[in-house]
Amino acid sequence: MIDLLVLSDGQKKKLAERICKEIEASEQAKGSLPQRWERNEKIYGVDPDVSSLHVAEGMQPYAIPLYRQKADRVIGTIYSSITGLYPFVQALDEDADGNNDEVVERALQAMADDAQFNSRFKKILKLAVNTNIGTLRVSPDFPKHGVRMEWIHPGNMMCYPAENGCYEEAKTIGHRFYKMRYRIEAEQNSGHYYKGEIFGGDDPNEHYSGRSRTQSKTETTSPVVNADDQVELWEVVHESDVEEAGVYKRYLCVVAKNQTKLLSCQPFPYSEPWYFAGRLEEPDGNVWPADSLAQTMQGLQLAYNDIHTTLIHGSYMAAFPMVVISGGTLPTKVKKYGPATLIESSTELKVQALTTGFNPGALPMEGAKLEQVADGLTGISRLGTSENMPSGTTATAAAGFLQAQNEAKDQYTEAMSPFVQRVWGFLYEVLTLHFEEVAAALGSKWPRELTWEMIRGKSYRFEVTGKSGSSSPQTLLNKLQMLLQLSADPQSGLDRREITEKIVQALDLPFSAQGLKSKPPAIDPQEILQLLQAVAGGQVPVPQAAQVLLTDIQNATQTNGGSGSGAMALSPMAGGGVAGPGGAPGPVPGPIGGNAPQPRQGF
Numbered sequence: 001m002i003d004l005l006v007l008s009d010g011q012k013k014k015l016a017e018r019i020c021k022e023i024e025a026s027e028q029a030k031g032s033l034p035q036r037w038e039r040n041e042k043i044y045g046v047d048p049d050v051s052s053l054h055v056a057e058g059m060q061p062y063a064i065p066l067y068r069q070k071a072d073r074v075i076g077t078i079y080s081s082i083t084g085l086y087p088f089v090q091a092l093d094e095d096a097d098g099n100n101d102e103v104v105e106r107a108l109q110a111m112a113d114d115a116q117f118n119s120r121f122k123k124i125l126k127l128a129v130n131t132n133i134g135t136l137r138v139s140p141d142f143p144k145h146g147v148r149m150e151w152i153h154p155g156n157m158m159c160y161p162a163e164n165g166c167y168e169e170a171k172t173i174g175h176r177f178y179k180m181r182y183r184i185e186a187e188q189n190s191g192h193y194y195k196g197e198i199f200g201g202d203d204p205n206e207h208y209s210g211r212s213r214t215q216s217k218t219e220t221t222s223p224v225v226n227a228d229d230q231v232e233l234w235e236v237v238h239e240s241d242v243e244e245a246g247v248y249k250r251y252l253c254v255v256a257k258n259q260t261k262l263l264s265c266q267p268f269p270y271s272e273p274w275y276f277a278g279r280l281e282e283p284d285g286n287v288w289p290a291d292s293l294a295q296t297m298q299g300l301q302l303a304y305n306d307i308h309t310t311l312i313h314g315s316y317m318a319a320f321p322m323v324v325i326s327g328g329t330l331p332t333k334v335k336k337y338g339p340a341t342l343i344e345s346s347t348e349l350k351v352q353a354l355t356t357g358f359n360p361g362a363l364p365m366e367g368a369k370l371e372q373v374a375d376g377l378t379g380i381s382r383l384g385t386s387e388n389m390p391s392g393t394t395a396t397a398a399a400g401f402l403q404a405q406n407e408a409k410d411q412y413t414e415a416m417s418p419f420v421q422r423v424w425g426f427l428y429e430v431l432t433l434h435f436e437e438v439a440a441a442l443g444s445k446w447p448r449e450l451t452w453e454m455i456r457g458k459s460y461r462f463e464v465t466g467k468s469g470s471s472s473p474q475t476l477l478n479k480l481q482m483l484l485q486l487s488a489d490p491q492s493g494l495d496r497r498e499i500t501e502k503i504v505q506a507l508d509l510p511f512s513a514q515g516l517k518s519k520p521p522a523i524d525p526q527e528i529l530q531l532l533q534a535v536a537g538g539q540v541p542v543p544q545a546a547q548v549l550l551t552d553i554q555n556a557t558q559t560n561g562g563s564g565s566g567a568m569a570l571s572p573m574a575g576g577g578v579a580g581p582g583g584a585p586g587p588v589p590g591p592i593g594g595n596a597p598q599p600r601q602g603f
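Counting in full-length UniProt numbering, the sequence shown runs without a single skipped number right up to 603 at its last residue.
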């Protein structure tokens, strides 16, 4: 049961009107940006409709993907850099000299994995390259999951005032979604929404949100019954003095915008809104970005399309030029001719070809120039998209391309890292407020050693593990390998076991590495020493001591999975081993040396 605020009808109406006005103000602040975003995403989707050049009648323009190759490479670079190292984000304990807390890291990573962060992150990156703003909504989702993550297109987002430039400082921020009328009525009956009559009939395709009707070739589904009518709703985190107590607080509200009706209002318990913007470049003064990687490449891509359209259409027209016929007429069904076309005529015709003089020789060179400009603008060269370099490219030039590309990769990844760090900070806040619910929802994925007492009152700083090329998976493993070699020197003071665990962690194995760790010895050396001393003092009979030792060796072998693999090797007592009944025992080692078994050392 959701605890809705008890508000009068007048308060509900006043709050709904205020929120709807702020939504409208945010939509107006976008201006013509939704049309720009649509065009950019059409170019990314290799939609031929973005080009208006028609050279030959009846032939469609060509869309040759230049930008798509670069954009996919940028997306793949950022994705692999941030998700290639496990865990994705380090939790640095600010109260422990900045040391990372591995248990907290695993807990937050489990929350992200359960919410399918990887797939959501890829969509955020695609939105970021095309619009420079991809929004991730992170909300608690008990008892099914710890949290729920959803990507939201900027066309469905609102932020008021837009001039703040960031989501965190917004007075009101939220997103548009649609729900069928009968489901809204069910929410009202269950107490999740305020009571009141709701009308449907809103069109989900009325506002552009990443899916173009012309590109997807789809239309809005017509409702079969009135109860299936779609209703446009907005969920917003709104800061206001809703309770008229002189205190401004954040509230989570749902409104039906076209009907200016408040459906729900409840306190928002978190320190910041649960919307996070992923960008490749910080905006300058307005939350809605005017520039993006796609916008930078738009003119180049259109020119690239036109060059190839002209090349193909022009070559076709040069091969089959327009003709002038005199001395008769062609049959009415003959409108055009092509290769090996046979035309029968009862009269003698005179045919004169009107050649165009089309010379396509310069067009490929212009296309190559555009490719070079695209390399410079995106920082992704042909080497990064698995294309052959131009003939004559020297090894020095290729090395320069790679160096510039690596620098561009780091810039892209570093630009996206703050977004991931803010998401992890919010995950930690959810964890501290709903510890038991999160642990129960994750089940076996939850690190059992983590308790509420371990994180109570603690603050962490979050850093993306692979935010630059110097911390890429392969580079990190190389560094750890060098560290492992250094630890072979006893003078280094380095713990080889700890270093090895870090290497195993960085490998991101598809199975748990816990079972690979060696098990502790099943025989306590101190107990063996006490047993031998008891035999020497005549307190324990020799046959009984021998039986105890044999039983312990058997148990150690079974516990550690093989003879001598994990158990300590026991040296037989000097003097022929264990004496038989009535025989005198051989020399028994004292507390400092002799043949007493030593505990196995870590590697």
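All C-beta atoms in this analysis are idealised placements derived from N, C-alpha and C, irrespective of residue type, glycine included.
Source: prediction; values computed, not measured.
Cβ-based burial, residue i [other Cβ within 10 Å; buried from 16]
{"i": "glutamine 60", "result": "exposed"}
{"i": "tyrosine 248", "result": "exposed"}
{"i": "serine 240", "result": "buried"}
{"i": "alanine 362", "result": "exposed"}
{"i": "valine 324", "result": "exposed"}
{"i": "threonine 309", "result": "buried"}
{"i": "serine 417", "result": "buried"}
{"i": "isoleucine 343", "result": "exposed"}
{"i": "valine 224", "result": "exposed"}
{"i": "valine 351", "result": "exposed"}
{"i": "serine 8", "result": "exposed"}
{"i": "lysine 70", "result": "buried"}
{"i": "threonine 221", "result": "exposed"}
Beta-carbon gap between residue i and residue j smaller than 8 Å
{"i": "phenylalanine 358", "j": "glycine 314", "result": "yes"}
{"i": "threonine 500", "j": "leucine 484", "result": "yes"}
{"i": "valine 147", "j": "valine 430", "result": "yes"}
{"i": "alanine 115", "j": "methionine 149", "result": "yes"}
{"i": "threonine 260", "j": "glutamate 436", "result": "no"}
{"i": "valine 50", "j": "lysine 42", "result": "yes"}
{"i": "serine 264", "j": "tyrosine 194", "result": "yes"}
{"i": "glycine 367", "j": "glutamate 348", "result": "no"}
{"i": "phenylalanine 88", "j": "histidine 434", "result": "no"}
{"i": "leucine 531", "j": "valine 548", "result": "yes"}
CA-to-CA distance, residue j to residue i, given in whole angstroms
{"i": "alanine 398", "j": "isoleucine 380", "result": "Only weak support exists for where alanine 398 lies, its pLDDT of 47 falling under 50; the value from the coordinates is given anyway. If you take the alpha carbons of alanine 398 and isoleucine 380, they lie about 12 Å apart."}
{"i": "valine 412", "j": "proline 140", "result": "According to the sequence displayed, residue 412 carries tyrosine and not valine. So the alpha carbons of these two residues sit roughly 30 Å apart."}
{"i": "arginine 250", "j": "leucine 15", "result": "13 Å"}
{"i": "lysine 257", "j": "cysteine 20", "result": "6 Å"}
{"i": "leucine 92", "j": "phenylalanine 462", "result": "6 Å"}
{"i": "histidine 153", "j": "leucine 252", "result": "20 Å"}
{"i": "alanine 294", "j": "glutamate 235", "result": "29 Å"}
{"i": "glutamate 169", "j": "methionine 365", "result": "49 Å"}
{"i": "glutamine 298", "j": "asparagine 100", "result": "43 Å"}
{"i": "aspartate 34", "j": "asparagine 156", "result": "Sequence check: residue 34 is proline here, not aspartate. Answer to the nearest angstrom: the Cα atoms are 10 Å apart."}
{"i": "threonine 378", "j": "alanine 415", "result": "14 Å"}
{"i": "glutamine 544", "j": "serine 492", "result": "46 Å"}
{"i": "phenylalanine 320", "j": "threonine 356", "result": "10 Å"}
Option nearest residue i by Cα separation, candidates the options
{"i": "aspartate 95", "options": "Ala534, Ser459, Glu187", "result": "Ser459"}
{"i": "proline 204", "options": "Tyr178, Gly285, Arg36, Ala227", "result": "Tyr178"}
{"i": "arginine 181", "options": "Glu232, Gln539, Pro34", "result": "Glu232"}
{"i": "alanine 227", "options": "Tyr251, Ile184, Tyr193, Leu263", "result": "Ile184"}
{"i": "threonine 296", "options": "Ala318, Ala440, Asn132, Val236", "result": "Asn132"}
{"i": "methionine 322", "options": "His434, Gly165, Leu354, Ala415", "result": "Leu354"}
{"i": "arginine 39", "options": "Gly174, Leu53, Gly493, Asn130", "result": "Asn130"}
{"i": "aspartate 112", "options": "Gln530, Val542, Gln491, Tyr428", "result": "Checking the sequence shown, residue 112 turns out to be alanine, not aspartate. Out of Gln530, Val542, Gln491, Tyr428, Tyr428 has the C-alpha closest to the C-alpha of alanine 112."}
{"i": "leucine 5", "options": "Glu243, Ser345, Gly165, Pro273", "result": "Glu243"}
{"i": "glutamine 230", "options": "Gly376, Pro273, Gly191, Arg176", "result": "Arg176"}
{"i": "residue 686", "options": "Asp375, Pro364, Thr172, Cys166", "result": "Nothing about residue 686 can be read from this structure; the chain reaches only from 1 to 603."}
{"i": "leucine 262", "options": "Gln11, Thr172, Met365", "result": "Gln11"}
{"i": "glycine 376", "options": "Ser326, Leu300, Val423", "result": "Leu300"}
{"i": "arginine 422", "options": "Ser8, Arg137, Glu371", "result": "Arg137"}
{"i": "glutamine 109", "options": "Gln539, Pro447, Val535", "result": "Pro447"}
CB contact below 8 Å: residue i versus chain C
{"i": "valine 74", "result": "Structure shown: chain C not included; a single protein chain is present."}
Closer than 7 Å: residue i CB and nearest the ligand MG heavy atom
{"i": "isoleucine 75", "result": "Ligands in the displayed structure: none, and consequently the ligand MG is not present."}
Query raised in the report: Should the stretch 294-306 be called in touch with the stretch 62-69, which here means at least 3 C-beta pairs below 8 Å?
Result: yes
Report task. Indicate whether the contact test is met: 3 or more Cβ pairs, each with one atom in the stretch 74-84 and one in the stretch 119-138, closer than 8 Å. Result -> yes
Report task. Specify whether the stretch 259-271 and the stretch 200-210 touch according to this definition: at least 3 beta carbon pairs, one from each stretch, less than 8 Å apart. Result -> no
Report task. Would you check if the stretch 29-42 and the stretch 194-206 touch, i.e. whether three or more CB-CB distances between them fall below 8 Å? Result -> no
Requested in this report: Report yes or no: do three or more beta-carbon pairs, one from the stretch 280-288 and one from the stretch 6-25, lie closer than 8 Å?
Outcome: no
Query raised in the report: How about the stretch 449-458 and the stretch 100-120: do they share at least three Cβ pairs that are nearer than 8 Å?
Result: yes
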